[in-house]
Amino acid sequence: MASEITKTLRAYRAALETSRGRYEELYSTRGENALAFYQQYANRMLRSFADVFTNVAGRRRLHRQIQRLFGTDTLDFVAVDGSCNKDPFNDFIVFSACAYGAKGQLQIDETAERPALRYRRWELERDVSMVAYVPVPFAQLAEAVGEKEDFLLSDQERINLASVHTKLMQLAEVYLAYNVVTSSSVERPRLLLMDLLPSSVMASIAGNPVAVNLSGYEFDRRRLDFRDIVVALSHPFREELQLPNHNRFRLHQLVLAELHRTRQRTIDLRDMAARYNLDLAALQQAAGGPPLYGNRARYVEVNGGIRDLRDTPTVIPRACRLGVLDGELFSSDFTAEDGSRIALDVRQSWEFTVALFRSLCDRLFRHKEPDAMIYRVVDWEGTTREHWLDPNDIDFLTAVGLRALVEACWEQKVMLLGLCCEPRLDETVWKA
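Counting in this note's numbering, the sequence shown runs from 36 upward without gaps.
This is the structure:
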């Protein structure tokens, strides 16, 4: 008869084998799903240029394409990279972030037997950088790192979980790149290289507009509100590239893009459906639901939130109506339930948000103001409070800056290339 110790050890072994089986099954399933995704879709998004770069005729053809695209055989470029750190001390922690832009020039050389690119490094004095140091007292660290009240963390756990420094570095890189592209034509490059993939960054920081604490931030004689946040996150707009795309979950962005394109505050959804070959009912659903909240029959504004009357009345905090849907017409010029007149100009809203992004980044990275990470907001109850820029706020600023950067590159005819290097594979992924 087995002893109690033997039974315990057998039970422990059975538990380990069960957990290992689940672990192996989980990773096997995920591996199969990843392989199927690559074979069905992702493989079409990758291109190997080894055959072009190793072939003389291929390189000459590539050089001619570059010359036709840029209209010159000499390309000024800026390569942007960043660095960050967090240093804990006795009573506070210092988050540091910097971005560096190295300037140079690439020249196409067709004179040699084998065509090549000549690289010329510019003087160090012409390089640009953005640096920020943010000391945060441990007493306010929970707010700065966006900790929720669902659980409690020690200071050391907060330090380990804090990603403020990496997010500040990302913001510094985007802000530096935006400044370079929007600088004078003499200093503006034709090629911008960044150590990130723009689409991946946009996806990783895509958040819910109601989660942005910056709503209520006062700037230029008015406050950032929910409407500005929704409009900003709908960019970039480019009709030639079908941006925003016509997927069902982005149709509300297409409605805002149409208001932006027409410079009007009222649009006919039937005409819009015909223009973009879309289903009218789908457009009406997008215009009537969140985050536009155009359906008066379902949503009523209360105390800065929205009361949903479909089932049990609940209040969605920090959300407000962007327009009203009246049959086939959507208008951003309307009278709210509290009697106030709302006249949302989508273009002016975007310009205001970009100006706020530039102002905050100027204070943080250029002027290095000690309180640049602290702002005062007035909540819907009318209470004024101080708040640290938490990860959600920094993500929003990065999202605004990246969208403004993409549109600035289109306007200034600057090619933006994102680089992702995997040292173990000795490969670099380029993404325009």
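Note that CB positions come from ideal geometry on N, CA and C, so glycine has one too.
Asked	Found
Coil, strand or helix - C396 by DSSP	helix
Whole-angstrom distance between A407 and V169, CA atom to CA atom	9 Å
V91 - containing alpha helix (DSSP H), residue span	91-105
Start-to-end residues for the beta strand (DSSP E) that takes in E421	419-423
Reduced DSSP category for F186 - H, G, I as helix; E, B as strand; rest coil	Caution is warranted here: a pLDDT of 43 is assigned to F186, below 50, making its placement in the model unreliable, and the coordinate value is therefore given only provisionally. F186: coil per DSSP, three-state reduction.
Touching by the beta-carbon criterion (3+ pairs, under 8 Å), the segment 231-239 and the segment 253-264	no
Cutoff 7 Å; reference Y213; Cβ partners in own chain excluding five residues on either side	G436, A439, L440, A443
Sequence-distant residues of its chain with Cβ nearer than 7 Å to A485 (five each side left out)	The chain is shown from 36 up to 467; residue 485 falls before or after that span and cannot be answered.
One or two residues paired with G139 in a DSSP bridge	F112, R156
With 16 other Cβ atoms within 10 Å as the buried cut-off, status of F284	exposed
Backbone secondary structure at D122 - three-state DSSP	strand
Start-to-end residues for the alpha helix (DSSP H) that takes in M237	233-239
Cα-Cα separation, L228 to A85	20 Å
Residue span of the alpha helix (DSSP H) that contains Y62, given as start and end	39-75
With 16 other Cβ atoms within 10 Å as the buried cut-off, status of D263	buried
Paired residues, beta bridge with M450 - DSSP	L226
S269 and L259 closer than 8 Å at C-beta	no
Backbone CA spacing between E184 and A77 [nearest angstrom]	Caution applies to E184, whose pLDDT of 47 falls short of 50 and renders its modelled position unreliable; the value that the coordinates give is listed next. Approximately 40 Å, taken between the alpha carbons.
Exposure label - G117; buried when at least 16 CB within 10 Å	buried
Neighbour-count burial assignment, M204, 16 or more Cβ in a 10 Å radius	buried
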